[in-house]
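If you read the sequence shown in full-length UniProt numbering, its first letter stands for residue 1, the second for the next number, and so on. Have a look at the structure below before the remarks.
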Amino acid sequence: MIGKTREYPQEIMILEAIVRRFPPDDFRKAEFEKKLYRKRAGYKGEKTLDYFLEQVDHSEMVILHDLRIPINRTHFQIDTLIITPYFLLIIDSKNYAGTLIFLPEFNQLIRVQNDIEEVFPDPILQTKIQASQLKAFLKKHHITPPPIENLVAISNSQAIIQNPTNDKEVSYRVFRSANVAFKIPPFYKKHTQSHVSKNEMKKIARHLIKAHEPLVPDPKSMNLPFDKMVKGVQCPACEAFGMDYRQGKWTCLNCGHKTADAHIQALKDYFLIYGPSITSKEFREFMKVRSPSTVKRLLSSMNLTFDGTTKGRTYFPGKSFFD
């Protein structure tokens with residue numbers, strides 16, 4: 001069973017909003033675009049692994065996706081955790097392109113792409129550290145950990161994987177995501193003794209899900225040019241800003257496209273960049289809407305909660321506003 005699904009990361013949503021609204025003539029926009037590209041690639045790799053994992057028999061396992069668990073004064077993250085009666089299995093997903101050269105002697109992964117060499121941390125070592133942290137977490141909650149195994153999934157089908165030292169652990173731990181159905185069964189042969197019951201499996205899952213703290217970056221710490229961020233409603237057709245609201249429709253002044261709900265994405269951008277609240281005045285200025293009655297009608301039409309009287313009301317995103 002899937003105990004925790006993988007959700008679209010709020011970190012990516014924040015970066016998308018920043019890139020959309022960043023002043024186009026500011027050279028720093030390229031930095032955020034690059035970071036967004038990396039985060040999207042990582043998420044795509046995780047979803048690729050999820051697709052192939054769906055084809056595995058789930059009857060004797062609980063699968064938790066995308067965990068971020070506090071430990072001491074920091075957090076440890078696990079892309080995918082499989083809980084079985086016999087063992088726990090951590091799978092870390094990497095979506096790197098190019099040629100990947102594993103050098104475990106120095107705990108390095110070398111990526112060669114377009115004749116450029118880059119050094120990355122050893123993902124096998126990363127999963128070992130995650131296993132150690134997970135073990136400590138379970139002991140803290142008075143749970144005797146079953147054996148913990150670890151794998152590294154390479155999700156980019158075009159990547160070239162090299163193991164120049166013929167290291168046995170690299171061959172054993174590293175695999176292509178499409179092969180996950182064949183990497184799990186050997187662990188059942190290795191670990192034949194049952195350590196936890198089905199109820200205990202669910203207990204482990206509940207503790208981890210309860211402790212999970214999703215990463216939500218604070219845009220205020222990113223040194224953004226808040227006063228220069230692009231305002232207005234963006235056209236979903238041509239992506240130009242500055243749609244005009246008339247007679248219940250947003251009309252793009254650039255391409256003529258009309259739609260009734262373009263303000264919803266604009267409001268999501270506002271919440272993601274400026275914080276989880278907005279007033280009627282702030283809404284009017286950000287959306288570039290002149291009519292107070294129109295602002296009131298638009299705000300009341302969305303899944304928002306509010307606090308205060310009509311005149312001084314502050315609005316917040318509803319529970320499913322970002323779904």
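Think of the CB as a built atom: it goes at the ideal place given N, C-alpha and C, for glycine as much as any other residue.
Are residue i and residue j closer than 7 Å when you measure CB to CB?
i, j, result
"H191", "F87", "yes"
"residue 324", "F52", "Shown here, the chain extends from 1 to 323; a query on residue 324 therefore has no answer."
"V289", "Y245", "yes"
"I148", "P219", "no"
"H58", "M1", "yes"
"I71", "Q133", "yes"
"S155", "S221", "no"
"A205", "G3", "yes"
"V19", "L36", "yes"
"T99", "E60", "no"
"L89", "I78", "no"
"S277", "T309", "no"
"C255", "A237", "yes"
"I14", "K39", "no"
"G42", "N95", "yes"
"P23", "K228", "yes"
"H65", "T48", "no"
"K135", "P145", "yes"
"T305", "F316", "yes"
If you draw a straight line from the C-alpha of residue i to the C-alpha of residue j, how long is it?
i, j, result
"P292", "V216", "33 Å"
"N150", "R28", "38 Å"
"L91", "T127", "The sequence as given places Ile at residue 91; Leu does not occur at that position. Rounded to whole angstroms, I91 to T127 spans 7 Å at the Cα level."
"K203", "I63", "13 Å"
"I101", "E16", "32 Å"
"residue 326", "K258", "No information on residue 326 is available, as it lies outside the stretch 1 to 323 that the chain covers here."
"E239", "A30", "18 Å"
"H195", "R68", "25 Å"
"T165", "P104", "9 Å"
"Q162", "P186", "23 Å"
"F106", "C235", "50 Å"
"residue 324", "N199", "Since the first and last residues shown for the chain are 1 and 323, residue 324 lies out of range."
"C252", "S157", "40 Å"
"I129", "H212", "18 Å"
"I124", "K44", "20 Å"
"E46", "I110", "21 Å"
"K168", "V112", "22 Å"
"residue 326", "G312", "The structure shown does not extend to residue 326, since the chain is modelled only from 1 through 323, so no value can be given for it."
Is it buried or exposed for residue i, if we count other Cβ within 10 angstroms and need 16 for buried?
i, result
"P225", "exposed"
"Y172", "exposed"
"residue 324", "Residue 324 lies beyond the stretch modelled for the chain, which goes from 1 to 323, so this question has no answer here."
"Y188", "exposed"
"I116", "exposed"
"R21", "buried"
"D307", "exposed"
"I209", "exposed"
"H142", "exposed"
"F120", "exposed"
"L299", "buried"
"N223", "exposed"
"K183", "buried"
"Q193", "exposed"
"R73", "exposed"
"V295", "buried"
"A260", "exposed"
"Y270", "buried"
I need the boundaries of the beta strand (DSSP E) containing residue i, first residue and last residue.
i, result
"K183", "Segment V180 to K183 is the alpha helix (DSSP H) holding K183; no beta strand (DSSP E) there."
"I12", "Careful: I12 lies outside any beta strand (DSSP E), inside the alpha helix (DSSP H) at Q10 to R21."
"K4", "I2 to K4"
"R111", "Q108 to Q113"
"T310", "Looking at the DSSP string, T310 is not in any beta strand (DSSP E), and its letter there is neither H nor E."
"Q77", "T74 to I83"
"P70", "V62 to I71"
"P121", "I116 to P121"
"F321", "From DSSP, F321 is part of no beta strand (DSSP E); its letter is neither H nor E."
Can you give me the start and stop residues for the alpha helix (DSSP H) that residue i sits inside?
i, result
"K94", "Element bounds for K94: not the alpha helix (DSSP H) but the beta strand (DSSP E), L88 to K94."
"E46", "K29 to L53"
"R297", "P292 to S300"
Quick one: does residue i have its CB under 7 Å from some CB of chain B?
i, result
"Q193", "Here there is only one protein chain, and chain B is not present."
Closer than 6 Å to a non-hydrogen atom of the ligand MG - does that hold for the CB of residue i?
i, result
"Q77", "The ligand MG is absent from the structure shown, which contains no ligands of any kind."
> Of all the alpha helix (DSSP H) runs that stay within the bounds of the region 206-280, which reach a length of 4 or more residues?
Replying inline: 262-274
> In the region 127-191, which residue ranges form an unbroken beta strand (DSSP E) of at least 3 residues, counting only runs that do not cross its ends?
Replying inline: 148-154, 160-162 and 174-176
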